[in-house]
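Chemist: In the numbering used here, the protein residues as written are 40 to 320.
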Amino acid sequence: MAWNRLVPVVVFVAILAGTLVAFGSLPSDGGNSPELSASCPSTPTTKVASFDWGFVAVRNESEMVSVPFVKFIVDPYGRTNVSTERLTAKVPVAVLRACTYDGNLLWNLTFSGYVWAYGGGKYGVKANGTALPALLVTNTSNYLYVLTYQTAPRSYFEFRNYASDDYLYVLGKNGTVRKFDLGRSFVPIRNAFLVSNGSYVLLGFERPQPDGSPMSGYVMILRGTEVVWDRNFQMNYPACLCHVISGWGRIDENGCAVFGLYGGEGRYCNGKFNYVANTTG
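(1) By Cβ distance below 6 Å, which residues in the same chain neighbour V87 in space, the five residues on each side in sequence not counted?
(2) Identify whether K311 lies in helix, strand or coil by the three-state DSSP scheme.
(3) Please state whether DSSP places R246 in a helix, a strand or coil.
(4) Give the single residue among V106, K212 and P227 whose Cα lies nearest to the Cα of Y206.
(5) Report, in whole angstroms, the separation of the C-beta atoms of M259 and L242, which I expect to be a contact under 8 Å.
(6) In chain order, what residues of the same chain have a beta carbon less than 7 Å from the beta carbon of R217, not counting five sequence neighbours either side?
(7) Under three-state DSSP, which class holds F196?
(8) By Cβ distance, which residues of its chain are closer than 6 Å to R262, with the 5 residues on each side in sequence left out?
(9) Does A231 pass the burial test, meaning 16 or more other C-beta atoms within 10 Å, or should it be called exposed?
(10) Give, in chain order, every unbroken run of the beta strand (DSSP E) that is at least 3 residues long and sits entirely within the stretch 104 to 176.
(11) Going by C-alpha to C-alpha distance, which of G286, N213 and K212 sits closest to R246?
(12) From Y140 to G211, what distance separates their C-alpha atoms?
(13) Could you check if V154 is buried or exposed, using at least 16 other CB atoms within 10 Å of its CB as the buried criterion?
(14) Would P249 and F225 qualify as a contact pair, given that the criterion is a beta-carbon distance under 9 Å?
(15) Return the first residue and the last residue of the beta strand (DSSP E) that K212 is part of.
(16) If I'm right that A173 touches P107 with Cβ under 8 Å, what's the distance once you round it to whole angstroms?
(17) Between the alpha carbons of L183 and L144, how many angstroms are there, rounded?
(18) Can you give me the Cβ contacts of G159 inside the same chain, cut-off strictly under 7 Å, excluding the 5 residues immediately before and after it?
(19) Span of the beta strand (DSSP E) holding A202?
(20) Does DSSP classify S252 as helix, strand or coil?
(21) What residue does the beta strand (DSSP E) around S89 start on, and which one ends it?
(22) What is the residue span of the beta strand (DSSP E) that V323 lies within?
(23) Within 10 angstroms of the Cβ of F101, are there 16 or more other Cβ atoms? Answer buried if so, exposed if not.
(24) On the criterion of 16 or more Cβ atoms from any shown chain inside 10 Å, does V109 qualify as buried, or is it exposed?
(25) So, G222 versus T190, is the Cβ gap smaller than 9 Å?
(26) If you follow the beta strand (DSSP E) that A231 is in, where does it begin and where does it stop?
(27) Quick one: grab the DSSP three-state call for D68.
As structure tokens, this is what we get:
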């Protein structure tokens, strides 16, 4: 397999501001979308992976969809009222489309985020916008792997707590083969990585605390759809300060992985994990 098929792709959909209307309740994080165009993509499109059965491409679009609407209202005394409803509006979405090489559409997968609004406070500040999930993409010879995680506006990171969970999708010719629920936190994850050597896949990310300091990290190794090894690194992990903050990792043809951790690196091979501290300080 050509190595250019294994290069991870990062898709960040910009946070947009606007006036939004119509209300309801919570939607799902993403799903097959027969209501979107049934044609295979044309330019401008980014092809993210090629397989024997076809290819997968991603495109940013704008669609009328139902998304969570998270509203913060702060009174002059600093008391906050948070409400979450459903909003139907035309918002930016990221769409994955799988196609055969002769132009037939195999499946769609659409990723949407949430709408947020902030109002009140001592100075009567008002702001609103749309937050879209970030996507990390890699592949093996058989599957496409997509890490999708919710973002938040920089000034209002707490909105993330009211959006849907983060997920890892394993996708094949017929669509979703497996979906891992990675949970959520009060702050968006950071320093995420998703890499493949053609057979194995290595995923990692850090969950920070609201003040920006590390809280925990998570690493997963997969072969196909099966989890070979995974571990949560908590802040008080006794063996080392193993927070996944470096945002990098690599994995070899035997499933042995190396990834950046706070103050050093983690090394996993054949069921054994070791932390190696930096010697340069």
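C-beta atoms are modelled at their ideal positions from N, C-alpha and C, and glycine is treated no differently. Please read all numbers here as calculations on a predicted model, not as lab measurements.
Modeler: With the structure as the only source:
(1) To locate residue 87, count along the sequence shown from 1; it is residue 48. For V87, where only same-chain residues beyond five positions count, the Cβ hits under 6 Å are V48, V95, V97 and V176.
(2) As a working mapping, residue 311 is identified with position 272 in the sequence shown. In this structure, K311 counts as strand in the three-state DSSP scheme.
(3) Position 207 of the sequence shown holds residue 246. Residue state, collapsed to three classes: strand.
(4) As a working note, residue 206 is residue 167 in the sequence shown. Measuring from the Cα of Y206, the nearest candidate turns out to be P227.
(5) Counting from one through the sequence shown, the residue named residue 259 turns up at place 220. Counting from one through the sequence shown, the residue named residue 242 turns up at place 203. 5 Å between Cβ atoms; contact.
(6) Within the sequence shown, the letter at position 178 stands for residue 217. For R217, where only same-chain residues beyond five positions count, the Cβ hits under 7 Å are V209 and T264.
(7) Here residue 196 refers to the residue found at position 157 when the sequence shown is read from its first residue. Correct three-state label for F196: helix.
(8) In the sequence shown, the residue the question calls residue 262 occupies position 223. Result list for R262: Y239, in chain order.
(9) Here residue 231 corresponds to residue number 192 of the sequence shown, with the count starting at 1. By the neighbour-count rule (16 or more Cβ atoms within 10 Å), A231 is buried.
(10) 119 to 138, 144 to 150, 153 to 159 and 164 to 170
(11) In the sequence shown, the residue the question calls residue 246 occupies position 207. Ranking G286, N213 and K212 by Cα distance to R246 puts G286 first.
(12) Counted from its first residue, the sequence shown places residue 140 at position 101. Counted from its first residue, the sequence shown places residue 211 at position 172. Y140 and G211: Cα-Cα distance of roughly 15 Å.
(13) Here residue 154 refers to the residue found at position 115 of the sequence shown. The residue is buried, with at least 16 neighbouring Cβ atoms inside 10 Å.
(14) Here residue 249 refers to the residue found at position 210 of the sequence shown. Here residue 225 refers to the residue found at position 186 of the sequence shown. Yes, Cβ-Cβ distance for P249 and F225 is below 9 Å.
(15) Residue mapping note: residue 212 aligns to position 173 of the sequence shown, counting from 1. K212 -> no beta strand (DSSP E), and no H or E assigned at all.
(16) If you number the sequence shown from 1, residue 173 lands on position 134. If you number the sequence shown from 1, residue 107 lands on position 68. Contact doesn't hold; Cβ gap of about 17 Å is too wide.
(17) Translated into the one-based positions of the sequence shown, residue 183 becomes position 144. Translated into the one-based positions of the sequence shown, residue 144 becomes position 105. If I take the Cα positions, the gap works out to 16 Å.
(18) Counting from 1 along the sequence shown, the entry for residue 159 is found at position 120. If we look at G159 and ignore the five residues flanking it on each side, its Cβ neighbours are I112, V113 and D114.
(19) Translated into the one-based positions of the sequence shown, residue 202 becomes position 163. No beta strand (DSSP E) contains A202, which DSSP labels as neither H nor E.
(20) The sequence position of residue 252 within the sequence shown is 213, counting from 1. Of the three classes helix, strand and coil, the one that applies to S252 here is coil, per DSSP.
(21) As a working note, residue 89 is residue 50 in the sequence shown. It spans T85 to S89 - the beta strand (DSSP E) in which S89 sits, taken as one unbroken run.
(22) One cannot answer for residue 323 here, as it falls past the ends of the chain, which runs 40 to 320.
(23) Here residue 101 refers to the residue found at position 62 when the sequence shown is read from its first residue. With the sequence shown as reference, residue 101 is identified as Ser, and Phe is not the correct amino acid for it. Label assigned to S101: exposed.
(24) The residue labelled residue 109 in the question sits at position 70 within the sequence shown. With 16 or more other Cβ atoms within 10 Å, it is buried.
(25) Numbered from its first residue, the sequence shown carries residue 222 at position 183. Numbered from its first residue, the sequence shown carries residue 190 at position 151. Against a cut-off of 9 Å, the Cβ pair of T190 and G222 comes out as no contact.
(26) On the sequence shown, residue 231 is found 192 positions in, with the first residue counted as 1. Its beta strand (DSSP E) spans residues R229 to S235.
(27) Against the sequence shown, residue 68 aligns to sequence position 29. Any answer about D68 is weak, because its pLDDT of 41 lies below 50 and its placement is not dependable; what the coordinates show is given next. It is coil, neither helix nor strand.
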